[in-house]
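So the sequence shown is numbered by full-length UniProt numbering: it starts at 1 and just counts up by one. Heads up, the thing below is written out as structure tokens.
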Amino acid sequence: MVQPGEDVYQPFCFRLSPPPPPPPPQTADRPATDSNGGGRRGRWIRRAAPSDLRPKVLQLALLILVCCGGLTDGSWWRIADLSLDAAHFHRDNRSFELCGDGTFFTPQQRDSCYDNPELLKVIVHAANTAKYECQTYFQNNRWNCSAKRGSSIYYGNFDDKGNRETAYLSAINSAALAWTITRYCTKGELTTCHCDHIQRKKHSKWTWGGCSEDINYGIRQARLFTDPTENRTTSFGLMNLHNNEAARRILRSRMEKVCKCHGMSGSCTTRVCWRRLPSMKLIADTLGSMFDAAAQVKPVENKGIIKKLMRKDLEYKKVNKSDLVYIAESPNYCEENESLGIFSTRGRFCNRTSYGIEGCRLLCCGRGYQTRIRNVQEKCNCKFVWCCTVKCDTCSMRKDEHICN
1 MVQPGEDVYQ PFCFRLSPPP PPPPPQTADR PATDSNGGGR RGRWIRRAAP SDLRPKVLQL
61 ALLILVCCGG LTDGSWWRIA DLSLDAAHFH RDNRSFELCG DGTFFTPQQR DSCYDNPELL
121 KVIVHAANTA KYECQTYFQN NRWNCSAKRG SSIYYGNFDD KGNRETAYLS AINSAALAWT
181 ITRYCTKGEL TTCHCDHIQR KKHSKWTWGG CSEDINYGIR QARLFTDPTE NRTTSFGLMN
241 LHNNEAARRI LRSRMEKVCK CHGMSGSCTT RVCWRRLPSM KLIADTLGSM FDAAAQVKPV
301 ENKGIIKKLM RKDLEYKKVN KSDLVYIAES PNYCEENESL GIFSTRGRFC NRTSYGIEGC
361 RLLCCGRGYQ TRIRNVQEKC NCKFVWCCTV KCDTCSMRKD EHICN
């Protein structure tokens, strides 16, 4: 994550402003039909339309990502690199903008996207949510979930490296997709799902009611979208499948039960309860703790075919289904690495008094740091004034900033 005040060089080709709203649709899209009149799955044709129907800025952004970004086919969560919100893609149901692009989706995912026009806005929302939570959680680490300066790629090129960072990215995006699908269902923004109707247990002290969030539907749909794209005969594919499922297990286990009492004078004669999603911050923090405790694994072969993964160091306990796993060691991120798309910690802000990873000693990798003094205007002497405002003075304060060499 770029630190506040940091002067970051960006090549001209990456200085993209947000795309303008697309023009009103001039024509309608319709599915192609076979000779019997049946629709063909995942295939769409378009009537003649003005050349400006597709936003030109989006096409330019896609071209830059393909040519300069080093994207891997099928990395659906890379769609967050466009820095566009879900509304842009879903406006007027024009999800064909990206559904057919192999930059982000595998053939199976493109079919799903075409068959479910509502899906794309969920994918964009999930990818952006995962990116935000990742960069927030790791903002003080050597790897801060960002790529090198001037790159169009936020995460770096970790798609096929099999290290801890790959494990976390796979997990956080898997959880974010299931979380977002579930939330959209609850809000009524998807026509294929609704609230979860939980059966009331016998002799229960409360009544299930309200609108429980259907986490099982969200997990099921996320699994159908992400998991079939993985190669189950490779160690990397098995690693991703394990981490995807581990994240979904964490999400399900963190579901909250919320209750509201009904009755005279607060007697709570009737208590209505429903299930609610946890915050994505909680999930990101939980996965972050699992990142530190992730288990290194190795493939187990049978007749030359990889069947499963097992812990590399047999002295430790067996890997369980809720652990994150990785295959390869991570770089130290102290120096710039062009092949991985990462930059060094030079120029990063650090905490001079901390002994943690955000401290200057660790974050600067032993290179030392410089201190600069800034005068900043901040609110001070705040007082509560009845009723009901808070009034503050503005004070000039000296602030020390420490920057890694």
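Glycine is no exception: its CB is placed at the ideal position from the N, C-alpha and C atoms.
Between the region 122 to 136 and the region 290 to 310, can you find at least three pairs of beta-carbon atoms closer than 8 Å? no
By a C-beta neighbour count over all protein chains shown, 10 Å radius and 16 as the cutoff for buried, is H262 buried or exposed? exposed
Using the beta-carbon count (16 or more within 10 Å), is H90 buried or exposed? Because H90 sits at a pLDDT of 49, beneath the cut-off of 50, its placement in the model cannot be relied upon, and the following sentence gives the value as read from the coordinates. H90 should be labelled buried.
Environment of M239 [buried if 16+ CB atoms lie within 10 Å]: buried
Three-way DSSP call (helix, strand, coil) for N243 in this model: helix
Helix or strand or just coil, what does DSSP make of M264? helix
Please say whether C360 and C388 have beta carbons closer to each other than 9 Å? no
Counting only the same chain and skipping the five closest in sequence on each side, list residues whose C-beta sits under 6 Å from that of I219. A178 and R248
Those residues which DSSP pairs with G359 across a bridge: N351
Cα-Cα separation between R54 and D111, rounded to whole angstroms: With a pLDDT of only 41 at R54, under the threshold of 50, the placement of this residue in the model should not be trusted; the figure read from the coordinates follows. So the two alpha carbons sit approximately 20 Å from each other.
Work out the CA separation of T286 and Y168 for me, nearest whole Å. 11 Å
Just to check my reading of the structure: I250 and S170 have Cβ atoms closer than 8 Å, yes? What is that Cβ distance to the nearest angstrom? 13 Å between Cβ atoms; not a contact.
Cβ neighbours of I215 in the same chain (closer than 8 Å, five flanking residues each side left out): A178, T182, D196, L251, R252, M255, R275 and L277
Under 8 Å Cβ to Cβ from I305, same chain only, skipping five residues before and after it: list those, please. T233
Would you kindly work out how many angstroms separate the C-alpha atoms of E401 and N140, rounded to a whole number? 14 Å
In terms of alpha-carbon separation, which member of L119, S267, L241 and E165 lies closest to T192? L119
Applying the criterion that 16 or more other CB atoms from any shown protein chain within 10 Å of the CB defines a buried residue, is K161 buried or exposed? buried
Throw me the rounded Cβ distance for the R311 and K318 pair, which I believe falls under 8 Å. 7 Å
Give me the residue from C145, E213 and D227 with the minimum Cα distance to W76. D227
Does any residue of chain B have a CB that is nearer than 9 Å to the CB of D115? Protein chains in the displayed structure number just one, and chain B is not present.
So, at 6 Å on beta carbons, what are the nonlocal neighbours of E336 in its own chain, with the 5 sequence-adjacent residues on each side left out? F343 and S344
Hey, out of Q109, V122, R142 and R78, whose CA is closest to Y333's CA? R142
If you follow the beta strand (DSSP E) that L309 is in, where does it begin and where does it stop? I305 to R311
Taking the alpha-carbon of L282 as reference, which of A176, Q108 and Q221 has the nearest alpha-carbon? A176
Please classify R398: is it buried, with 16 or more other beta-carbons within 10 angstroms of its beta-carbon, or exposed? exposed
As assigned by DSSP and simplified to three states, the class of A295: strand
Rounded C-beta distance between K260 and V272? I'm assuming under 8 Å. 5 Å
How many angstroms separate the CA atom of A222 from the CA atom of A295? 24 Å
Beta-bridge partners of Y326, as assigned by DSSP: Q296
Can you tell me whether G319 is helix, strand or coil according to DSSP? Correcting the residue type first, residue 319 is Val in the shown sequence and not Gly. DSSP places V319 in coil when its eight states are reduced to three.
Whose CA, out of Y217, C211, N173 and H194, lies closest to the CA of L241? N173
What's the gap between the Cα of E213 and the Cα of L314? 40 Å
Span of the beta strand (DSSP E) holding Y137? Element bounds for Y137: not the beta strand (DSSP E) but the alpha helix (DSSP H), L119 to Y137.
Could you check what DSSP says for T192 in three-state terms: helix, strand or coil? coil
Short of 6 Å in beta carbon distance, which residues of its chain neighbour residue 410, apart from the five on each side in sequence? Order them along the chain. Coverage of the chain is limited to positions 1 through 405, which leaves residue 410 absent and any answer about it impossible.
Using beta-carbon positions only, say whether T129 and T180 come within less than 9 Å of one another. yes
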